[in-house]
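Student: Handing you this structure, nothing more for now.
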Ligand code: HEM
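Residue numbers (this note's numbering), protein chains in the order written: chain R, 1 to 134; chain F, 1001 to 1131.
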């Protein structure tokens, strides 16, 4: 098809062709979600470090009881979910920046999502199991 | 390959080395390191959920010399990424773009991360070693 044909056949409004391309895609929501999860991680990260430090010499029973406390269980789940979400968004940008072979890029992008979902689900199940078993 | 017909941005090698460039690269590196280090968080929770033997096993792993080195690295990576992440958020709000401010906040991220890491590990040591 020559350029002339396209001009004649394509009666769509140019905006119609531009939408969904370049910066009109989901870039902003990716960027914004990365910032929101970052802000949440400032709080949750500091809380996590302090909590771990408080459990420094804890034996099994103490650590188990601490994680089972409702607030701790809740914040732990929030921390882990936010962390994996933020990490996937961040790693996605890194992969898009450096991996220029399309199929490798796609495989990596899917792989980090699989791994993050597995990690997040495993963590949530672990916390629930700790919180719900006496 | 690069299309040399168009103007190319100056190559990395001819850039003068600057602290802002280092803080940016290290933010990315610590981000990746933390993503790998998330295995530690998940591992800890899974071992705690799996019972006393498994939890003690996890404690002995992270309490070993290799485990401790990883933990020191992980904590510094987290603190650096945290400090510089806050710097990023402030800059995203449109603040701190004057060059002197930009350089000063770069050094603040570096210094802050080292201070926090030293404080945490001083606490761990005075409390009698990890795990
Ligand atoms: C503790 C609080 C945290 C804050 C305040 C924070 C903040 C940020 C910010 C603002 C960015 C965007 C940087 C940019 O656009 O250049 C970012 C990127 C990233 N973060 Fe975090 N983050 C935190 C924790 C974490 C954690 C726990 C992980 C991993 C599990 C992580 C992994 C990443 C990755 C992989 C990137 C992408 C790096 C890049 O694109 O250069 N972050 N972080």
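Glycine included, every Cβ here is placed at the ideal spot set by N, Cα and C. Remember, it's a predicted structure, so these values are computed and weren't measured experimentally.
Checking contacts by CB at 7 Å: is residue 1055 of chain F closer than that to chain R?
Tutor: Here residue 1055 of chain F refers to the residue found at position 55 when the second chain is read from its first residue. Interface residue, yes.
Student: Using beta-carbon positions only, say whether residue 126 of chain R and residue 1046 of chain F come within less than 7 Å of one another.
Tutor: Position 126 of the first chain, counting from 1, holds the residue named residue 126 of chain R. Position 46 of the second chain, counting from 1, holds the residue named residue 1046 of chain F. Yes. Within cutoff.
Student: Residues in the same chain with beta-carbon distance under 8 Å from residue 64 of chain R, minus the five sequence neighbours each way, listed in chain order, please.
Tutor: For the purposes of this step, residue 64 of chain R is taken as residue 64 along the first chain, with counting starting at 1. 130, listed in sequence order.
Student: Would you please verify whether the beta carbon of residue 27 of chain R is less than 7 Å from any beta carbon of chain F?
Tutor: Numbered from its first residue, the first chain carries residue 27 of chain R at position 27. With 7 Å as the cut-off, residue 27 of chain R does not count as an interface residue toward chain F.
Student: With burial defined as no fewer than 16 other Cβ atoms inside 10 Å of the residue's Cβ, what is the status of residue 1087 of chain F: buried or exposed?
Tutor: Taking the second chain and counting its residues from 1, one reaches residue 1087 of chain F at position 87. Buried, by the Cβ-count rule.
Student: Verify whether the separation of the beta carbon atoms of residue 1117 of chain F and residue 1081 of chain F is less than 7 Å.
Tutor: Position 117 of the second chain, counted from the start, is the residue given in the question as residue 1117 of chain F. Position 81 of the second chain, counted from the start, is the residue given in the question as residue 1081 of chain F. For residue 1117 of chain F and residue 1081 of chain F, no; Cβs fall outside 7 Å.
Student: Is the closest heavy atom of ligand 1 to the C-beta of residue 30 of chain R under 6 Å?
Tutor: If you number the first chain from 1, residue 30 of chain R lands on position 30. Residue 30 of chain R: no, Cβ never under 6 Å from ligand 1.
Student: State yes or no: is the beta carbon of residue 109 of chain R nearer than 7 Å to at least one beta carbon in chain F?
Tutor: To locate residue 109 of chain R, count along the first chain from 1; it is residue 109. Cβ-Cβ to chain F under 7 Å: no for residue 109 of chain R.
Student: Can you tell me whether residue 83 of chain R is buried or exposed? The criterion is at least 16 other CB atoms within 10 Å of its CB, across all chains shown.
Tutor: The residue given as residue 83 of chain R occupies position 83 in the first chain. Flag for residue 83 of chain R reads buried.
Student: Can you tell me whether residue 1120 of chain F is buried or exposed, with buried defined as 16 or more other CB within 10 angstroms of its CB?
Tutor: As a working note, residue 1120 of chain F is residue 120 in the second chain. The residue is buried, with at least 16 neighbouring Cβ atoms inside 10 Å.
Student: Can you look up residue 1005 of chain F in the DSSP assignment and give me helix, strand or coil?
Tutor: By 1-based counting over the second chain, the position of residue 1005 of chain F is 5. Coil at residue 1005 of chain F, not helix or strand.
Student: Got a sec: does ligand 1 put a non-hydrogen atom nearer than 6 Å to the Cβ of residue 1038 of chain F?
Tutor: The residue labelled residue 1038 of chain F in the question sits at position 38 within the second chain. Indeed, a heavy atom of ligand 1 lies less than 6 Å from the Cβ.
Student: Return no unless some Cβ of chain F is closer than 7 Å to the Cβ of residue 122 of chain R.
Tutor: Taking the first residue of the first chain as 1, we reach residue 122 of chain R at position 122. Taking Cβ atoms only, chain F reaches closer than 7 Å to residue 122 of chain R, which makes this a yes.
Student: Within the present structure, is the beta-carbon of residue 1021 of chain F separated from the nearest heavy atom of ligand 1 by less than 6 Å?
Tutor: Start at 1 with the first residue of the second chain, and residue 1021 of chain F comes out as number 21. Result no, Cβ not under 6 Å from ligand 1.
Student: Please list the partners that residue 1124 of chain F has in chain R, where partner means a Cβ-to-Cβ separation under 7 Å.
Tutor: In the second chain, residue 1124 of chain F corresponds to position 124, counting from 1. What residue 1124 of chain F touches in chain R: 56.
Student: Express the C-alpha separation of residue 43 of chain R and residue 115 of chain R in angstroms, rounding to a whole number.
Tutor: Taking the first residue of the first chain as 1, we reach residue 115 of chain R at position 115. Taking the first residue of the first chain as 1, we reach residue 43 of chain R at position 43. Their Cα atoms are separated by approximately 24 Å.
Student: Using DSSP with H/G/I as helix, E/B as strand and the rest coil, what is residue 1052 of chain F?
Tutor: Residue 1052 of chain F sits at position 52 when you count from the first residue of the second chain. Residue 1052 of chain F falls in the helix class under three-state DSSP.
Student: Whose Cβ in chain R lies nearer than 7 Å to the Cβ of residue 1028 of chain F?
Tutor: On the second chain, position 28 is the one that residue 1028 of chain F refers to. What residue 1028 of chain F touches in chain R: 94.
Student: Give me the Cβ distance between residue 1076 of chain F and residue 1113 of chain F, rounded to the nearest whole Å; I'm assuming they're in contact under 8 Å.
Tutor: The residue you call residue 1076 of chain F lines up with position 76 of the second chain. The residue you call residue 1113 of chain F lines up with position 113 of the second chain. Yes, they are in contact, since the Cβ atoms of residue 1076 of chain F and residue 1113 of chain F sit about 6 Å apart, within 8 Å.
Student: Residue 37 of chain R: buried (16+ other C-beta within 10 angstroms of its C-beta) or exposed?
Tutor: Start at 1 with the first residue of the first chain, and residue 37 of chain R comes out as number 37. Per the 10 Å Cβ criterion, buried.
Student: Would residue 1104 of chain F be called buried (16 or more neighbouring beta carbons within 10 Å of its own) or exposed?
Tutor: Taking the first residue of the second chain as 1, we reach residue 1104 of chain F at position 104. With fewer than 16 Cβ atoms within 10 Å of its Cβ, residue 1104 of chain F is classed as exposed.
Student: From the beta carbon of residue 1 of chain R, is the nearest beta carbon of chain F less than 7 Å away?
Tutor: Taking the first chain and counting its residues from 1, the one referred to as residue 1 of chain R is at position 1. Caution applies to residue 1 of chain R, whose pLDDT of 47 falls short of 50 and renders its modelled position unreliable; the value that the coordinates give is listed next. Output row for residue 1 of chain R: interface = no.
Student: Any heavy atom of ligand 1 closer than 6 Å to the CB of residue 94 of chain R?
Tutor: Taking the first residue of the first chain as position 1, residue 94 of chain R is located at position 94. Yes - ligand 1 has a heavy atom lying nearer than 6 Å to the Cβ of residue 94 of chain R.
Student: In three-state DSSP terms, what is residue 118 of chain R?
Tutor: Locating residue 118 of chain R in the first chain gives position 118, where the first residue counts as 1. Residue state, collapsed to three classes: helix.
Student: Looking at the unbroken alpha helix (DSSP H) that takes in residue 19 of chain R, where does it start and where does it end?
Tutor: Locating residue 19 of chain R in the first chain gives position 19, counting from the first residue. First-last for residue 19 of chain R: undefined, no H or E at that position.
Student: Closer than 7 Å, CB to CB, is residue 77 of chain R near chain F or not?
Tutor: In the first chain, residue 77 of chain R corresponds to position 77, counting from 1. No, because no Cβ of chain F sits closer than 7 Å to the Cβ of residue 77 of chain R.
Student: Buried or exposed for residue 87 of chain R, going by 16 or more other Cβ atoms inside 10 Å?
Tutor: In the first chain, the residue the question calls residue 87 of chain R occupies position 87. With 16 or more Cβ atoms within 10 Å of its Cβ, residue 87 of chain R is classed as buried.
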